[in-house]
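*Asks:* Numbering (mature numbering (1 follows the signal peptide of the UniProt record, and there is no 0)) for the sequence shown: -18 to -1, 1 to 158.
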Amino acid sequence: MKIVGLAAACLAAVVAVGCGGPGTVSQPDGARAGAMRGGQVPATDGPTAFGVQRTWTNGLAITISPPKSLQPSDVASPRSPRAAVFEVVIDNDTTDPYKPSQMVVQATSGGQPVQEISDAAQGLDGVSGVRPDIPPGKTVKLTLGFAMPAERVPIQLIVQPDASSPRAAAVYVGAA
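1. Is G119 near the ligand ZN, going by C-beta to nearest heavy atom under 6 Å?
2. Beta-carbon within less than 7 Å of I116's beta-carbon, same chain only, minus the 5 sequence neighbours each way: which residues are those?
3. Can P48 and A66 be called in contact, C-beta distance under 7 Å?
4. At 3 residues or longer, and completely inside the segment 126 to 157: list those beta strand (DSSP E) runs for me, N to C.
5. If contacts are defined as beta-carbon pairs under 8 Å, then V135 and A157 qualify, I think. What distance do you get, rounded to the angstrom?
6. Based on DSSP bridge pairs, tell me the residues matched to F68.
7. Taking DSSP as the reference, what is the three-state secondary structure of S83?
8. Per DSSP, S59 forms a beta bridge with which residues?
9. Comparing alpha-carbon positions, which option in S51, R36 and S146 lies nearest I99?
10. Throw me the rounded Cβ distance for the F68 and V96 pair, which I believe falls under 8 Å.
11. So the beta strand (DSSP E) T37 belongs to, where does it begin and stop?
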């Protein structure tokens, strides 16, 4: 149980650090013209609802859709009553290629970690399923799923575009 407590404390620290700093929220179809180049700090203060785009000061923008519920297949791992599925849209409006493999997405519900679900039959390969770099000016969509209980519960996704920079975390909140 000490490991679970330590993991929860570390996750809380990442969330607290990632929620600081001034900025603005833009809608998914909004212009990113106001994004400043050069940083990995999300240009938004505090948690964001699913479906709203977060733009970092270097021009990278990520939108996480509201969750959809689906029944995991027999090959899903871990086994769960259902999966909350999110479409992640990565817009690379930076001047450099973006490596999706450096992105970390973690989920929590009720303060507890939620496992990402892998389900090849449902197309849930996670971030590791995106192999090539995203060139500047290009957009990539990927689908992530998380193991959920049968009932609808609050969920938050913590997104770090670069795992080596916890200050760049963005938090999306809602229910799944």
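Where a beta carbon is used, it is the ideal one built from N, C-alpha and C, also for glycine.
*Replies:* Reading it off the structure:
1. The model on display carries no ligand, and the ligand ZN is accordingly not part of it.
2. When the five nearest sequence neighbours on each side are left out, the beta carbons in the same chain lying within less than 7 Å of the beta carbon of I116 are those of I72, N74, P79, Y80, P82 and V122, in order along the chain.
3. Not closer than 7 Å, so no.
4. Fully enclosed beta strand (DSSP E) runs of 3 or longer: 136 to 142 and 152 to 157.
5. About 7 Å separates the beta carbons of V135 and A157, which is inside the 8 Å limit, making them a contact pair.
6. Per DSSP, L126.
7. Per DSSP, reduced to three states, the secondary structure at S83 is helical.
8. Looking at the DSSP output, S59 bridges to S100.
9. Residue S51 is the option with its Cα nearest to I99.
10. 12 Å between Cβ atoms; not a contact.
11. Looking at the DSSP string, the run of the beta strand (DSSP E) that includes T37 is Q35 to T37.
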